[in-house]
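Here the working numbering is used: the sequence shown runs in plain steps of one and ends on residue 470. We treat Cβ as the ideally placed atom computed from N, Cα and C, and that holds for glycine. Computed from a prediction, not measured in an experiment: that's the story for all the values here.
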Amino acid sequence: MAFKTDTNAAISTGMSDSGIGIVRISGGDAIEIADKIFRSPKTGKKLTDVKGNTVHYGYIYDGDELIDEVMAVVLKAPRSYTTENTVEINCHGGVLMVQKILETVLKAGARMAEPGEFTKRAFLNGRIDLSRAEAVIDVIHSRNEYALRAGTRQLRGNIYEIVSEMRKKLIYEIAFIESAIDDPEHISLEGFYERITEIVRNVIDQIEKLIQSADSGKLMKEGIQTVILGKPNAGKSSLMNLIVGSEKSIVTNVAGTTRDVLEENIRIHGLGLNIVDTAGIRDTEDIVEKIGVEKALSYAENADLIVYVADSSTQLDDNDYEIIDFIKDKKVIILLNKSDLEERTDEKSLKSVLERRYGSIKNDNIVIIKTSAKEKSGLEEFESAVRNMFFQGKLSMDDEIVITNLRHKEALMDARDSLKLVLKAVEEEMPEDFLSIDLMNAYSSLGYIIGEEVGEDLIEEIFSKFCMGK
């Protein structure tokens with residue numbers, strides 16, 4: 001596909017006061033443009049005369065005006081991030097300073113880079129595949145430790161490697177079929193059905209493992225969507241504040257204080273939780289509170305995890321029963337709150353209610369924990385329950401390949417479906433050229449992941465989500 005090859009520039013560090021700021025220039029004229037504004041006080045040497053992958057001390061000038069003292073990193077094609085000539089000007093990190101240097105670079109002949117254009121050029125120039133390009137933005141936007149680790153593994157090319165290996169197997173068999181059809185006298189298809197069946201089943205198994213990892217990958221990347229439910233005055237907001245570690249929710253003895261949803265992102269042992277505190281669930285004539293209750297149930301409907309806060313100092317009532325009926329078949333952690341007070345609802349009686357209304361309890365879907373927001377107890381048990389419920393207590397990812405991108409998952413599912421059609425064609429003893437059609441469809445679907453089977457519109461959409469300067 002056609003793309004811009006002129007020289008561009010952008011600020012590659014965050015727009016905030018910091019020790020160092022970086023202005024990156026990339027393109028065929030990057031070094032010549034930098035030479036127009038860079039002066040070395042010691043050697044007087046031009047950047048066009050220095051070796052690649054070297055760092056040079058000097059000053060940036062706008063005409064005769066001294067702008068800043070800098071270090072200029074010179075990277076010559078193809079040994080740079082974009083594979084093009086690149087100069088990275090490391091200056092003092094004030095917002096005004098890096099902006100001033102960028103303006104000077106643009107005045108010297110560079111064009112302002114588009115969002116993600118440096119990474120886009122790296123992809124289009126063949127330095128990285130599309131899955132690694134997407135990993136760049138995943139790393140930048142990581143909100144927890146596991147999302148960061150998944151992104152860095154993808155950045156190293158683990159998805160590219162396994163997808164490329166599967167594609168090599170498929171394209172070999174496609175080529176074999178075509179060759180056998182074109183030259184049947186010298187290339188025999190005897191025993192081909194047995195061989196292709198084994199190969200396709202092996203590839204399907206690999207794809208299935210990747211697809212199965214996608215649910216965990218989504219939680220790693222986006223965090224566990226967690227909604228706190230409970231009747232008024234059960235202590236939801238107090239527990240929200242305890243979990244978050246700050247006073248985010250208003251806490252009073254007045255029922256119905258929380259009328260809207262309050263959202264907060266937290267990390268638990270490197271895992272992200274997107275927690276929503278909601279209005280107390282009860283029948284009410286108050287229009288505003290009623291809307292809050294409806295909102296609460298709407299959020300809970302799509303949640304990955306429900307945290308049901310029950311008041312252990314009171315008997316369960318109709319409001320509790322409504323919540324209990326609503327959370328059936330969902331992943332739920334029940335917090336028996338106010339355990340510092342006289343207990344009127346204990347774990348045994350609560351389990352009895354659940355069994356009567358559900359028929360049976362799935363132990364891996366419901367966990368009951370005693371808590372006290374006042375005494376700040378039960379938090380460690382809650383954190384352990386989250387890990388056990390979603391990741392069986394461990395999430396090491398040491399050698400795991402985890403799919404965190406919905407686009408990748410959909411492409412894998414398409415490839416799997418095409419390969420299943422290959423197996424069906426073999427069972428029905430269809431001619432070999434019929435098999436090559438579905439094999440090629442699977443090959444193309446896998447290529448969609450790494451960017452070898454994508455159109456310009458998708459490329460533009462992906463890189464438009466990048467920040468400026470990356």
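Opening and closing residue of the alpha helix (DSSP H) in which histidine 186 lies | Neither: histidine 186 is in no alpha helix (DSSP H) and is coded neither H nor E.
Please report how far the alpha carbon of threonine 86 lies from the alpha carbon of glycine 19, in whole angstroms.
-> Rounded to the nearest whole angstrom, the CA to CA distance from threonine 86 to glycine 19 is 22 Å.
Contact under 8 Å by Cβ, serine 418 with aspartate 438 = In contact: serine 418 and aspartate 438 (Cβ atoms closer than 8 Å).
Provide the residue span of the alpha helix (DSSP H) that contains lysine 370, from first to last.
-> Careful: lysine 370 lies outside any alpha helix (DSSP H), inside the beta strand (DSSP E) at 366 to 370.
Could you give the DSSP three-state label for aspartate 304: helix, strand or coil?
-> In the structure shown, aspartate 304 adopts coil according to DSSP, grouped into three states.
Identify, in the order they occur along the chain, each residue of the same chain with its Cβ nearer than 7 Å to the Cβ of glutamate 69, setting aside the five sequence neighbours on each side.
-> Excluding sequence positions up to five before and after glutamate 69, its CB lies within less than 7 Å of the CB of Tyr59, all in the same chain and listed in chain order.
Sequence-distant residues of the same chain with beta carbon closer than 8 Å to serine 188, five excluded per side | Here serine 188 has Ala180 as same chain residues with Cβ atoms under 8 Å from its own Cβ, once five neighbours each way along the sequence are excluded.
Whole angstroms is fine: what's the gap from leucine 273's alpha carbon to isoleucine 224's?
-> C-alpha separation (whole angstroms): 5 Å.
Enclosing alpha helix (DSSP H) for isoleucine 207 [first to last residue] | 192 to 222 is the span of the alpha helix (DSSP H), which, as asked, contains isoleucine 207.
What did DSSP end up calling methionine 71 once you bin it into helix, strand or coil?
-> DSSP places methionine 71 in strand when its eight states are reduced to three.
Measure the CB-CB distance between isoleucine 369 and phenylalanine 382 and report whether it falls below 8 Å.
-> Taking 8 Å as the Cβ cut-off, isoleucine 369 and phenylalanine 382 qualify as a contacting pair.
Give me whichever residues DSSP pairs with glutamate 88 in a beta bridge.
-> In the DSSP assignment, the residues bridged to glutamate 88 are Arg24 and Val73.
Residue from Leu130, Gly151, Asp129 and Ala133 whose Cα sits closest to the Cα of valine 139 = Answer by Cα proximity: Gly151.
Pairwise C-alpha distance: glutamate 103 and histidine 56 = Annotation: histidine 56 to glutamate 103 spans about 21 Å, alpha carbon to alpha carbon.
Taking C-beta to C-beta, are aspartate 62 and isoleucine 37 nearer than 8 Å?
-> Yes, Cβ-Cβ distance for aspartate 62 and isoleucine 37 is below 8 Å.
One or two residues paired with glutamate 65 in a DSSP bridge | Looking at the DSSP output, glutamate 65 sits in a beta bridge with Asp62.
Between the Cα of lysine 168 and the Cα atoms of Met440, Thr43, Ile462 and Glu460, which residue gives the shortest distance?
-> Lysine 168 has its Cα closest to that of Met440, out of Met440, Thr43, Ile462 and Glu460.
Span separating the alpha-carbon of aspartate 205 from that of isoleucine 159 | The C-alpha of isoleucine 159 is placed about 15 Å away from the C-alpha of aspartate 205.
Close beta carbons around glycine 447, own chain, < 7 Å, minus the five adjacent residues each side | Once the five neighbours on either side are set aside, the close Cβ partners of glycine 447 are Arg167 and Glu453.
If you run the structure through DSSP and keep just helix, strand and coil, what is tyrosine 57?
-> Tyrosine 57 carries a strand assignment under DSSP once its states are collapsed to helix, strand and coil.
With DSSP collapsed to three states, give me the class of phenylalanine 38.
-> In this structure, phenylalanine 38 counts as strand in the three-state DSSP scheme.
On a CA-only basis, which of Ser26, Asn53, Thr48 and Phe123 is nearest glutamate 456? Give me that one, please.
-> Ranked by how close their Cα comes to the Cα of glutamate 456, the residues Ser26, Asn53, Thr48 and Phe123 have Phe123 in first place.
How is the alpha helix (DSSP H) around arginine 416 delimited, first residue to last?
-> Going by DSSP, arginine 416 is part of the alpha helix (DSSP H) stretching over 406 to 427.
Segments of 3+ residues assigned as beta strand (DSSP E) that fall wholly inside the region 304 to 341 | For the region 304 to 341, whole beta strand (DSSP E) runs of length 3 or above, ordered along the chain, are 305 to 311 and 332 to 337.
Determine the closest residue to glutamate 375 out of Lys338, Leu354 and Ser360, with distance taken between C-alpha atoms.
-> When only C-alpha atoms are compared, the closest one is Lys338.
Please list, in chain order, all residues of the same chain as methionine 220 whose beta carbon is under 7 Å from its beta carbon, the five residues on each side excluded.
-> Annotation for methionine 220: Tyr146, Ala147, Ala150, Val402 and Thr404 place their beta carbon closer than 7 Å to its own, counting only its chain and skipping 5 residues before and after.
Kindly indicate which residue of Thr82, Pro78, Asp64 and Lys51 has the alpha-carbon position closest to the one of alanine 72.
-> Nearest option by C-alpha distance: Lys51.
Under the three-state reduction of DSSP, which class applies to methionine 240: helix, strand or coil?
-> DSSP places methionine 240 in the helix class (H, G or I) of the three-state scheme.
Evaluate contact between the region 301 to 319 and the region 227 to 241, counting only Cβ atoms and requiring at least three cross-stretch pairs below 8 Å.
-> A contact exists between the region 301 to 319 and the region 227 to 241.
Rounded separation between methionine 413 and isoleucine 450 - CA only | Their Cα atoms are separated by approximately 15 Å.
Could you give the C-beta distance for isoleucine 268 and valine 244, rounded to a whole number, given that I count them as a contact under 8 Å?
-> Contact between isoleucine 268 and valine 244 fails: their C-beta atoms lie close to 11 Å from each other, not under 8 Å.
Three-state class that DSSP yields for asparagine 274 in the structure shown | The answer is strand: DSSP assigns asparagine 274 an E or B state.
Opposing strand residues paired with serine 533 [DSSP bridges] | Past the edges of the chain, shown from 1 to 470, lies residue 533, and the structure says nothing about it.
Cut-off 7 Å between Cβ atoms - residues of its own chain near aspartate 64, not counting five sequence neighbours on either side = For aspartate 64, where only same-chain residues beyond five positions count, there are no Cβ hits under 7 Å.
Around the Cβ of aspartate 277, are there at least 16 other Cβ atoms within 10 angstroms (buried) or fewer (exposed)?
-> By the neighbour-count rule (16 or more Cβ atoms within 10 Å), aspartate 277 is buried.
Mind checking whether alanine 10 and methionine 97 have CB atoms under 8 Å apart?
-> In this structure, methionine 97 does not lie closer than 8 Å to alanine 10 by Cβ.
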